[in-house]
Amino acid sequence: MVLAGKTEAFEPLVLPYRRSLFKIAYRMTGNMEDAKEAAQETLMKAFKYLKRFDPDRSFRNWLFGILVNEARSLRAERTNAPFSLETDARTERGLAANSPAPGDSCEARETRSRLMECLTSLTAREKETFLLRDIEQLSITEAAEALGTSSISVRVNLSRARKKIRETILTKYPHLAEGLR
Amino acid sequence: MNCRRIRKSIPRLAGNDLSERKSCRLRAHLERCEECRKEFRRYSAVLHKVRELADWETTPGWTATEWQALIARTTSAKIEKRPFIVFAFGARPMTALARGLAVAIPALVIGFVFWNTVLKPKSSPAVLPPTYVQKPEPAPPKLPSIPQNENVKKEPAVRSQEGAAIVAQTQEHKRPATRPEETPGAQKKDSQDVVSVTLVSQDTGLKVVWFLNRNFEWKGEGK
């Protein structure tokens with residue numbers, strides 16, 4: 024319908040993924056600013072290149088694939104960018120976004136920081152794989168398709184990520200691991 | 123299977139990422155081995171905990187106004203036209219390659235066969251009768267025609283005329299096979315009907331062909 028010219032049909036198409044897109048983007052980039060940028064770019068590219076979408080594939084996986092690429096390119100930009108006032112301001116804003124928001128409960132903030140702390144111990148690839156497979160509950164094949172890698176690579180990264188997460192939880196949050204030992 | 127190998131696979135078993143056969147083997151080991159069982163429980167609990175944290179996590183997303191503005195901005199852009207190659211062969215590179223080959227190979231085979239059967243120019247016969255082979259020659263200057271007398275016709279030997287060597291060439295033209303109904307009882311004979319004599323002047327390049335019958339009577343002249 025969207026391709027037939029009914030552009031208003033695009034919103035119902037992406038609405039079910041509104042929250043997941045933002046969440047994944049946030050967990051991948053680590054700050055709100057970049058998450059917003061990556062998620063916005065994902066939606067815009069999805070609309071622009073909708074004709075390239077293969078109807079035999081899952082729309083969700085295709086959308087997540089775009090998001091992963093956007094997050095990667097943003098990360099590359101940030102890594103290559105020289106230290107400047109702008110990046111400094113962005114980091115400040117990111118920190119501010121991660122810091123307590125007026126509506127957030129103390130417990131919610133703590134949960135967010137714990138999860139982000141666990142994820143920081145992972146490499147970028149491991150993080151992407153872990154988020155798609157263990158948090159978003161995609162199958163191995165779907166995650167491989169979204170990440171543009173093989174199932175074997177997903178399995179390897181997943182094993183490593185789980186090991187690291189386990190170590191992080193056991194060392195940094197032993198109270199969470201009560202009863203796990 | 124020893125414990126070291128089992129422990130390598132435990133993270134995948136905890137996430138249900140192993141095949142049915144392998145997970146059966148691992149579970150059988152876990153029933154026997156206390157340490158591996160504990161390790162498996164730890165992994166399962168950690169994964170469960172992380173998923174719980176993720177469900178609990180409240181990530182601020184777009185507000186309704188932001189979302190509407192974003193959708194409006196997104197849909198105001200132009201949808202890119204699908205490139206013909208993607209339209210024809212598909213978006214995935216390997217699929218496109220396979221489809222491209224599936225089209226190209228039969229097309230090449232059909233083209234090759236069509237070229238060989240229809241389009242290829244037929245080769246000329248290996249040996250042509252000498253009378254049909256004519257080399258392009260510069261138009262010779264007009265010379266007074268050679269007098270045609272009986273002696274010359276009957277004796278097509280090499281002769282000299284006005285100081286120019288004349289090369290004579292004799293060619294045989296065979297009579298077509300006579301049909302039996304036309305000459306019943308007649309003997310088939312490969313007899314010579316017409317003799318051609320070609321005279322070429324080496325100085326002027328003039329070429330004259332005389333045709334004589336089986337009795338060496340002059341029948342005609344050609345150039």
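Protein chains in written order, with our numbering: chain W, 24 to 204; chain X, 123 to 345. Every residue gets a Cβ at the ideal spot worked out from N, C-alpha and C, and that includes glycine.
Outcome for residue i when other beta-carbon atoms lying within 10 angstroms are tallied against a minimum of 16
| i | result |
| --- | --- |
| Asp177 of chain X | exposed |
| Arg149 of chain X | exposed |
| Gly233 of chain X | exposed |
| Asn337 of chain X | exposed |
| Val236 of chain X | The question names Val, but residue 236 of chain X in the sequence shown is Phe. Exposed, by the Cβ-count rule. |
| Asn103 of chain W | exposed |
| Ile158 of chain W | buried |
| Lys242 of chain X | exposed |
| Ala124 of chain W | At Ala124 of chain W, the pLDDT of 48 sits below 50, so the modelled position is not reliable and the matter cannot be decided from this model. |
| Pro228 of chain X | exposed |
| Leu169 of chain X | buried |
| Arg173 of chain X | exposed |
| Arg127 of chain X | exposed |
| Ala167 of chain X | buried |
| Val317 of chain X | buried |
| Lys130 of chain X | exposed |
| Glu179 of chain X | buried |
| Ala184 of chain W | buried |
| Gly344 of chain X | exposed |
| Gly327 of chain X | exposed |
Proximity of residue i and residue j at Cβ, strictly below 9 angstroms
| i | j | result |
| --- | --- | --- |
| Val177 of chain W | Thr152 of chain W | yes |
| Leu140 of chain X | Tyr165 of chain X | no |
| Arg41 of chain W | Lys150 of chain W | no |
| Val322 of chain X | Trp332 of chain X | no |
| Leu38 of chain W | Thr196 of chain X | no |
| Leu181 of chain W | Gly88 of chain W | no |
| Arg137 of chain W | Leu223 of chain X | no |
| Glu161 of chain X | Ile132 of chain X | yes |
| Arg101 of chain W | Gly137 of chain X | no |
| Asn335 of chain X | Lys341 of chain X | yes |
| Cys418 of chain X | Cys146 of chain X | Outside the displayed range of chain X (123 to 345) lies residue 418 of chain X, so it cannot be described from this structure. |
| Ala62 of chain W | Leu44 of chain W | yes |
| Asn84 of chain W | Leu161 of chain W | yes |
| Arg33 of chain W | Leu86 of chain W | First, the amino acid is wrong: residue 33 of chain W is Phe here, not Arg. Going by C-beta atoms, Phe33 of chain W is not nearer than 9 angstroms to Leu86 of chain W. |
Secondary structure of residue i, DSSP reduced to three states
| i | result |
| --- | --- |
| Asp315 of chain X | strand |
| Gly88 of chain W | helix |
| Phe162 of chain X | helix |
| Glu188 of chain X | helix |
| Lys242 of chain X | coil |
| Phe338 of chain X | coil |
| Thr320 of chain X | strand |
| Glu159 of chain W | coil |
| Gly137 of chain X | coil |
| Glu179 of chain X | coil |
| Val289 of chain X | Bear in mind that the predicted position of Val289 of chain X carries a pLDDT of just 49, short of 50, making it unreliable; the figure below should be weighed with that in mind. Val289 of chain X: strand per DSSP, three-state reduction. |
| Gly344 of chain X | strand |
| Phe333 of chain X | strand |
| Cys146 of chain X | helix |
| Val280 of chain X | Only weak support exists for where Val280 of chain X lies, its pLDDT of 46 falling under 50; the coordinates are left without a value. |
| Ala220 of chain X | helix |
| Leu145 of chain W | coil |
| Asp79 of chain W | coil |
| Ser198 of chain X | coil |
| Tyr40 of chain W | helix |
| Ser173 of chain W | coil |
| Tyr72 of chain W | coil |
| Pro197 of chain W | coil |
| Leu169 of chain X | helix |
| Asp57 of chain W | helix |
| Leu328 of chain X | coil |
| Cys155 of chain X | coil |
| Asn103 of chain W | helix |
| Asn180 of chain W | helix |
Rounded Cβ spacing between residue i and residue j (contact assumed at less than 8 angstroms)
| i | j | result |
| --- | --- | --- |
| Ile47 of chain W | Leu90 of chain W | 6 angstroms |
| Thr52 of chain W | Ala99 of chain W | Contact doesn't hold; Cβ gap of about 12 angstroms is too wide. |
| Leu152 of chain X | Arg143 of chain X | Going by Cβ atoms, the distance from Leu152 of chain X to Arg143 of chain X rounds to 15 angstroms, so no, they are not a contact pair. |
| Phe82 of chain W | Phe76 of chain W | 7 angstroms |
field: Segment contact, 8 angstroms Cβ cut-off, at least three pairs: the stretch 137 to 154 of chain W with the stretch 175 to 195 of chain W
entry: yes
query: When the Cβ atoms of the stretch 165 to 180 of chain W are set against those of the stretch 55 to 69 of chain W, are three or more pairs found closer than 8 angstroms?
result: no
message: Tell me which residues of the stretch 167 to 179 of chain W have at least one Cβ-Cβ distance to chain C shorter than 8 angstroms, keeping chain order.
response: Annotation note: the requested chain C is absent from the structure, which comprises protein chains W and X.
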